[in-house]
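Colleague: Have a look at the structure that comes next, please.
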Amino acid sequence: MTRHRDRHGRGRRGPIAVPPDPKVPVLRTRRERFDDIALAIVTEIDARWQSRLGLIEYAVEESPDIPKEWTVDDHIPLGSLERGSGATPARLVIYRRPIEHRCRTRSEIEAMVLMVVVEQVADLLGVAAEDVDPRYQP
Numbered sequence: 001m002t003r004h005r006d007r008h009g010r011g012r013r014g015p016i017a018v019p020p021d022p023k024v025p026v027l028r029t030r031r032e033r034f035d036d037i038a039l040a041i042v043t044e045i046d047a048r049w050q051s052r053l054g055l056i057e058y059a060v061e062e063s064p065d066i067p068k069e070w071t072v073d074d075h076i077p078l079g080s081l082e083r084g085s086g087a088t089p090a091r092l093v094i095y096r097r098p099i100e101h102r103c104r105t106r107s108e109i110e111a112m113v114l115m116v117v118v119e120q121v122a123d124l125l126g127v128a129a130e131d132v133d134p135r136y137q138p
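Residue 96 in full-length UniProt numbering sits at position 96 of the sequence shown, with consecutive numbering throughout.
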C-alpha cells in the first residue's frame with residue numbers, strides 16, 4: 001500500500017492535479033470566453049446582413065484609447081465603428097474591459113455585446129437598431 005502525504009488537509013497532490021495534455025489549458029480565460037460570445041453574435045448578425053454590409057472587419061480590443069482632453073463627464077465607449085472606403089473594409093471594434101466592467105453575469109455580457117454590435121451595424125446600414133436584430137433592447 002502506497003502512502004500519500006496530505007499536508008494540512010488539502011487533499012492529494014501530484015499527478016491527479018496535472019491536466020492530461022499540458023499544452024491545452026483546462027480553463028478558458030476571460031478573454032477567450034468574451035471572444036467566444038462576440039464571435040457568436042457577430043457571426044449571426046453578419047450572416048443575416050452580409051449582402052448589405054459588404055466588406056467589414058470585426059475586432060475585440062481590451063479598452064479604447066482615451067484622448068488626453070477626456071473629462072470625467074465623458075463616457076467610455078463600448079465599441080467603435082470606422083467606415084471603410086473603396087478596398088478598405090469598415091472596422092467594428094468591441095471593447096472588452098468596459099463591457100465586462102458593467103456586467104456581472106455571462107448573460108449580461110451577451111446582451112451588452114449584442115447591443116453594441118447591433119447599434120454599430122445599424123449606424124453603418126442607416127437603419128433602426130430594432131430592424132437589425134429583434135432581440136435588441138436599448
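Using N, Cα and C, we set each Cβ at its ideal position, and we do this for glycine too.
#1: Which partner residues does residue 88 have in the DSSP bridge list?
#2: For residue 59, count neighbouring Cβ atoms within 10 angstroms of its own Cβ and tell me buried if that reaches 16, exposed if not.
#3: Quick one: Cα of residue 33 to Cα of residue 87, how far?
#4: Leaving out five residues before and five after residue 125 in sequence, what residues of the same chain have Cβ atoms less than 8 Å from its Cβ?
#5: Drop a sphere of 10 angstroms on the beta-carbon of residue 40, count the other beta-carbons inside from all chains shown, and report buried for 16 or more, exposed for fewer.
Modeller: So, to answer that:
#1: In the sequence shown, the residue the question calls residue 88 occupies position 88. According to DSSP, which records beta bridges pairwise, residue 88 is partnered with 85.
#2: If you number the sequence shown from 1, residue 59 lands on position 59. Label assigned to residue 59: exposed.
#3: Looking up residue 33 in the sequence shown gives position 33. Looking up residue 87 in the sequence shown gives position 87. Between residue 33 and residue 87, the C-alpha separation is close to 32 Å.
#4: As a first step, residue 125 is located in the sequence shown; it is residue number 125 there, counting from the start. So the list reads 49, 52, 53 and 132, once near-sequence residues are dropped.
#5: To locate residue 40, count along the sequence shown from 1; it is residue 40. Answer is exposed; the Cβ neighbour count stays below 16.
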